[in-house]
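Data block below; observations after.
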Amino acid sequence: MKLQISLFGITKDIIGKNSINIEMSSGVTAQELIQELIVLYPALSKIVSLVLAVNNEYADSSLMLSESDTIALIPPVSGG
C-alpha cells in the first residue's frame, strides 16, 4: 500500500521535503513505518522521540495503518 507522510520541524529539514510517499505492505504498524523511515533516512535515528500522528491523533506504536490514513511524522516538541 502507498502511504503519504507529512513532515514537520527537523524531520522536514533532514529529508528535505514537506511530505514523502512510501510503499509498505498491508497490515504495517506505526512502529514498523517509523523503523522503515529510519532505514531509508538514517539521520532520523538521531532524533530521540519520533512519533506518528494518524488522522490527527498521536498513534500507538501497534496501530495498524491503512492507505486512507492521514499520517504525519512528529519530532519532539519544545517551547515555552
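Our numbering applies: residue 12 is where the sequence shown begins, and numbers increase by one. A virtual CB, placed ideally from N, CA and C, is assigned to each residue, including glycine.
Helix, strand or coil at residue i according to DSSP, with G and I counted as helix
i	result
Ala-70	coil
Leu-14	strand
Ile-58	coil
Glu-34	strand
Leu-63	strand
Inter-residue spacing [alpha-carbon to alpha-carbon] between residue i and residue j
i	j	result
Ser-79	Gln-15	9 Å
Val-65	Ile-58	19 Å
Ala-41	Val-50	14 Å
Tyr-52	Thr-22	10 Å
Val-62	Thr-81	14 Å
Residue range of the alpha helix (DSSP H) that includes residue i
i	result
Leu-84	Not the alpha helix (DSSP H): Leu-84 falls in the beta strand (DSSP E), residues 82-85.
Lys-23	20-26
Contact set for residue i: own chain, Cβ-Cβ below 7 Å, skip 5 residues either direction
i	result
Lys-13	Asn-32, Glu-34, Glu-78
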